[in-house]
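Under numbering that gives the first Met the number 0, the sequence shown has 696 at position 697, and the numbering climbs by one with no breaks.
Built from N, CA and C at the ideal position, the CB exists for glycine as well.
Step one of this worksheet: look at the structure below.
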Amino acid sequence: MVTNHHFLLFLCIFFTTQAYTQLCEGSLGDPVAEINFGSGTNVGATLGTAITAFTYSSSGELDEGEYTIANSTSGLKGNAWHVTGDHTGDTNGYMMVINSAVLSEEGVFYRKSVTGLCGNTTYEFSAWLMNVMNPSVGTDEYHPDVTFRVSDTSGTILGSYNTGDIQQTSSGTWVQYGFFFTLESDTEVVITILNTAPSAHPGNDIVLDDITFKPCGPTITNSIENETGTSIITCQDESVDHTLQTIISAGYSDPRFQWQFSDDYGNSWVDIIGETNTTYQFTDTRIAGDYLYRVSVANGDNINSVTCRIASDEFYIEVLEKPAVLVGESEQSFCTTQNPTLKDIEVSSTAVWYDALTNGNTLDEATNLADGTTYYGAQETVNGCESEERIAVTVHIVTPTLEVNNSIIDVCDTDNDGEELVDVTVYEPELSHCANCTYSYFTTRLGAENATVEDQIVQASSYVWNAEYPVVYVRIVSDDKCSQVAELRLSLTQTPIIEIDNFVGLCEEDESVTIDAGFGFDSYLWSTGETTQTITVTNANIGSFWVSVSEDHDTYTCSTTKNFQVVLSNIATISGFDIQDWTDNNNSIEVYVSDSSLGDYEYSLDNNSYQDSAIFTDLLPGEYTVFVRDKNGCGIRQELAYILYFPKFFTPNSDGVNDEWVIDYADTEPALSVKIFDRYGKFLKQLNATSSWDGTYNGQIMPASDYWFVVTRNDGRNYSGHFTLKR
Numbered sequence: 000m001v002t003n004h005h006f007l008l009f010l011c012i013f014f015t016t017q018a019y020t021q022l023c024e025g026s027l028g029d030p031v032a033e034i035n036f037g038s039g040t041n042v043g044a045t046l047g048t049a050i051t052a053f054t055y056s057s058s059g060e061l062d063e064g065e066y067t068i069a070n071s072t073s074g075l076k077g078n079a080w081h082v083t084g085d086h087t088g089d090t091n092g093y094m095m096v097i098n099s100a101v102l103s104e105e106g107v108f109y110r111k112s113v114t115g116l117c118g119n120t121t122y123e124f125s126a127w128l129m130n131v132m133n134p135s136v137g138t139d140e141y142h143p144d145v146t147f148r149v150s151d152t153s154g155t156i157l158g159s160y161n162t163g164d165i166q167q168t169s170s171g172t173w174v175q176y177g178f179f180f181t182l183e184s185d186t187e188v189v190i191t192i193l194n195t196a197p198s199a200h201p202g203n204d205i206v207l208d209d210i211t212f213k214p215c216g217p218t219i220t221n222s223i224e225n226e227t228g229t230s231i232i233t234c235q236d237e238s239v240d241h242t243l244q245t246i247i248s249a250g251y252s253d254p255r256f257q258w259q260f261s262d263d264y265g266n267s268w269v270d271i272i273g274e275t276n277t278t279y280q281f282t283d284t285r286i287a288g289d290y291l292y293r294v295s296v297a298n299g300d301n302i303n304s305v306t307c308r309i310a311s312d313e314f315y316i317e318v319l320e321k322p323a324v325l326v327g328e329s330e331q332s333f334c335t336t337q338n339p340t341l342k343d344i345e346v347s348s349t350a351v352w353y354d355a356l357t358n359g360n361t362l363d364e365a366t367n368l369a370d371g372t373t374y375y376g377a378q379e380t381v382n383g384c385e386s387e388e389r390i391a392v393t394v395h396i397v398t399p400t401l402e403v404n405n406s407i408i409d410v411c412d413t414d415n416d417g418e419e420l421v422d423v424t425v426y427e428p429e430l431s432h433c434a435n436c437t438y439s440y441f442t443t444r445l446g447a448e449n450a451t452v453e454d455q456i457v458q459a460s461s462y463v464w465n466a467e468y469p470v471v472y473v474r475i476v477s478d479d480k481c482s483q484v485a486e487l488r489l490s491l492t493q494t495p496i497i498e499i500d501n502f503v504g505l506c507e508e509d510e511s512v513t514i515d516a517g518f519g520f521d522s523y524l525w526s527t528g529e530t531t532q533t534i535t536v537t538n539a540n541i542g543s544f545w546v547s548v549s550e551d552h553d554t555y556t557c558s559t560t561k562n563f564q565v566v567l568s569n570i571a572t573i574s575g576f577d578i579q580d581w582t583d584n585n586n587s588i589e590v591y592v593s594d595s596s597l598g599d600y601e602y603s604l605d606n607n608s609y610q611d612s613a614i615f616t617d618l619l620p621g622e623y624t625v626f627v628r629d630k631n632g633c634g635i636r637q638e639l640a641y642i643l644y645f646p647k648f649f650t651p652n653s654d655g656v657n658d659e660w661v662i663d664y665a666d667t668e669p670a671l672s673v674k675i676f677d678r679y680g681k682f683l684k685q686l687n688a689t690s691s692w693d694g695t696y697n698g699q700i701m702p703a704s705d706y707w708f709v710v711t712r713n714d715g716r717n718y719s720g721h722f723t724l725k726r
């Protein structure tokens with residue numbers, strides 16, 4: 000029959016032969032030996048020749064066969080090595096850094112004796128290793144090849160494990176290697192780590208950290224009252240009875256148990272006297288704090304030695320400190336307008352409320368307060384712990400004593416646009432006669448009643464009031480803690496409209512112009528000091544002016560001021576046209592006025608529809624009357640303009656229709672000339688502004704065909720085209 004211990008030893012031998020890592024798959028105990036090389040800001044001390052066969056170096060780069068104890072590999076081998084810190088990530092943590100060499104003593108780079116062991120016990124021996132060679136600099140010819148060995152004191156090898164080649168990695172990777180083995184009767188062993196690579200150059204360099212030697216045993220599984228969790232949060236002095244449970248898998252013929260606790264987060268553990276079963280009852284909540292519990296297990300009497308025990312994972316129990324007694328006024332007043340509930344009582348922290356000083360029933364925080372009733376509150380933490388004592392608060396419900404009024408405010412609409420920028424705070428005296436009250440402003444009544452932040456008007460001194468939402472709701476809180484809501488309603492009144500243009504023209508042939516601010520206003524004031532409806536401005540004092548008019552209402556007045564300028568103007572002088580013609584319907588006329596034209600003008604082709612632009616587009620050929628009107632009323636100037644065009648064909652057959660070819664409106668340009676050519680470019684005829692062609696050349700009738708022409712305009716511009724002579 001194969002025992003469980005023999006089975007574990009079989010696994011160890013099998014995996015050692017195959018050179019695979021075989022770490023403990025069950026539960027581990029506390030380290031019997033734990034070497035992390037310490038920590039510091041400078042290099043660490045030498046290990047001594049009894050521990051390593053390599054030579055210690057305290058500074059500079061490491062030569063072949065040298066090692067150091069350091070917290071970084073920086074500067075130890077140029078850029079040939081990865082820059083790394085110790086395995087845990089502690090910036091001050093030390094590790095052993097080795098520039099390997101072929102040594103006479105097998106390449107041993109670490110050796111240590113471990114005492115106080117137990118027979119018939121399985122142990123795990125492991126360490127963290129890294130191939131420190133940087134592949135971006137070069138490929139090492141020989142990789143580290145590390146062997147872990149456990150021997151008795153006479154040198155007999157009890158077990159070993161070989162890592163095989165430890166390959167280079169792109170960024171330097173720590174890997175844990177190790178194996179487990181079972182002692183028969185030895186209580187002391189020697190652990191050895193050696194590098195068995197055949198050569199040292201190039202490569203074969205390594206870092207070592209966190210060597211551990213721990214008991215290994217069956218798997219221990221934890222639970223609390225058969226639940227999956229292993230943590231408890233409870234309150235100080237709370238009555239509890241939690242069952243911490245543990246189950247161990249097969250492997251020990253006589254498993255024995257010892258429960259332990261730690262109050263320093265696992266740095267040290269204390270046996271709980273008499274607790275040697277698979278369960279532990281947690282009941283003690285007298286002292287607040289964080290506590291860890293676990294069960295240690297060993298085979299038989301080995302339970303009496305800490306170096307033989309394995310340990311379960313930790314149970315975490317937090318005992319929350321009992322909250323202090325709540326602080327607050329013993330008598331508190333509230334207003335009927337508040338609709339107060341328990342959550343409105345002011346105390347120093349979160350409270351749970353009762354109807355009695357001790358025991359009693361809990362009350363929902365939404366419970367409405369009753370006048371003259373005493374409520375009892377205990378401080379409650381976020382985890383539900385309550386203070387031992389309760390505060391007593393007697394409440395009084397009062398009715399509002401302050402008289403508030405709604406108010407309608409008449410406001411002049413400055414721009415007559417249905418809205419106005421208003422300082423609503425100036426109307427507080429109209430709402431209540433209370434200097435010590437607190438006023439806040441809201442867009443809805445519900446928002447004012449509940450002081451809803453989303454509905455609050457933050458900038459009440461510059462509120463844009465409009466006709467669509469004319470009411471502002473004002474929450475008024477008085478000294479008696481009562482809040483009331485008053486309405487401030489806006490009534491917008493249109494301001495006077497002054498029908499005066501920005502520019503008023505004074506025609507140069509006139510001596511003065513009369514300016515009228517409009518009929519029906521209650522008062523007038525001009526920049527000239529006059530207070531009449533109209534003023535007269537002469538051409539001797541043209542310039543900038545203003546007028547203010549007012550309309551009186553019952554309790555207020557709305558006023559408007561108009562700024563304007565009086566400018567000299569006259570009838571336009573048309574200096575010419577820029578005409579784009581020769582098309583069927585895409586012609587244009589641009590009107591030019593002379594520099595002596597002083598006014599602001601508009602343009603028309605029918606003396607009815609006027610436009611600001613001096614350009615007319617999309618015009619047909621023909622005669623047009625162009626009108627230029629002064630906007631200041633100084634008159635209209637008109638002139639004729641012509642868009643020329645030519646007939647596409649003519650029929651010189653003496654029937655009285657289209658017998659001659661002539662350019663329409665050519666007579667409006669006396670200097671215009673036209674040359675006509677046949678299709679081969681032969682010159683046939685020259686026309687002036689008033690002549691035409693009858694289709695003959697030197698008295699001979701020209702055949703039906705296409706003919707070409709070139710027009711030379713008065714301004715020297717040329718236009719060419721062709722037409723058809725039909726017979």
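If I'm right that Arg389 touches Leu356 with Cβ under 8 Å, what's the distance once you round it to whole angstroms? 6 Å
Could you give the distance in angstroms between the alpha-carbon of Met701 and the alpha-carbon of Asn717? 25 Å
Whole angstroms are fine: how far does the CA of Thr451 sit from the CA of Ser526? 50 Å
Would you mind stating whether Asp209 and His86 have Cβ atoms separated by less than 7 Å? yes
Do Ala459 and Thr424 have their beta-carbon atoms positioned less than 7 Å apart in this structure? yes
Would you check if the region 127-142 and the region 325-333 touch, i.e. whether three or more CB-CB distances between them fall below 8 Å? no
Report the rounded CA-to-CA distance for Leu61 versus Thr152, giving the unit in angstroms. 33 Å
Looking only at its own chain, which residues have a Cβ that is under 8 Å from the Cβ of Val31, when we skip the five neighbours before and after it? Val113, Gly115, Leu116, Tyr122, Phe212, Lys213, Pro214 and Thr306
Pair within 7 Å by beta-carbon distance, Thr559 and Val548: yes
Measure from the alpha carbon of Ile475 to the alpha carbon of each residue in Gly288, Ala688 and Gln337, then state which is nearest. Gln337
Do you know offhand how far Tyr523's Cα is from Leu401's? 45 Å
Can you tell me where the alpha helix (DSSP H) holding Pro428 begins and where it ends? Glu427 to Leu430
Applying the 10 Å Cβ sphere with the 16-neighbour rule, what's the burial state of Asp714? exposed
Thinking C-alpha only, which one of His241, Ser248 and Asp289 is nearest Ser261? Asp289
Give every residue of the same chain whose Cβ lies closer than 6 Å to the Cβ of Ser596, excluding the five residues on either side of it in the sequence, and list them in chain order. Ala571 and Thr572
From the DSSP output, read off the bridge partner residues of Leu420. Val463
Among the residues of its own chain, which have a CB less than 6 Å from the CB of Val1, if the five just before and after it don't count? Residue placement at Val1 is flagged as unreliable, the pLDDT there being 30, under the threshold of 50; a coordinate-derived value is accordingly withheld.
Please return the same chain residues whose Cβ sits closer than 6 Å to the Cβ of Tyr591, not counting the five positions on each side in sequence. Ser574 and Gly575
Tell me where the beta strand (DSSP E) around Gly504 begins and ends. Phe502 to Cys506
Thr398 and Thr366 closer than 7 Å at C-beta: no
Using only the alpha-carbon positions, how far apart do Asp354 and Thr393 sit? 11 Å
What would DSSP say about Leu291, mapped onto helix, strand or coil? strand
N- and C-terminal bounds of the beta strand (DSSP E) containing Glu320: Careful: Glu320 lies outside any beta strand (DSSP E) and carries neither H nor E.
Please name the residue in Gly137, Gly92 and Gly118 whose C-alpha comes closest to that of Thr186. Gly118
Closest to Gly250 by CA distance: which of Ser238, Glu274 and Thr218 is it? Thr218
Closest to Thr40 by C-alpha separation, out of Asp677, Glu486, Asp89 and Ser482, would be which residue? Asp89
Would Ala350 be called buried (16 or more neighbouring beta carbons within 10 Å of its own) or exposed? buried
From Gln257, Asn631 and Pro495, residue whose alpha carbon lies closest to that of Asp247: Inspection of the sequence shows that residue 247 is occupied by Ile rather than by Asp. Minimum Cα distance to Ile247 is reached at Gln257.
Buried or exposed (CB count within 10 angstroms, at least 16 for buried), Thr83: buried
Does the region 308-318 come close enough to the region 367-376 to have 3 or more Cβ pairs within less than 8 Å? no
Whole beta strand (DSSP E) elements within the region 570-616, 3-residue minimum: 573-579, 586-592 and 600-603
Residue burial classification, Glu427 (beta-carbon count within 10 angstroms, cutoff 16): buried
Go ahead and label Gln699 buried or exposed: buried means 16 or more other beta carbons lie within 10 angstroms of its beta carbon, across all protein chains shown. exposed
Would Asn569 pass as a contact of Glu486 if the rule is Cβ separation under 7 Å? no
Can you give me the Cβ contacts of Glu224 inside the same chain, cut-off strictly under 6 Å, excluding the 5 residues immediately before and after it? Thr242
Determine, using beta-carbon pairs with one atom in the region 120-137 and one in the region 174-191, whether at least three such pairs fall under 8 Å. yes
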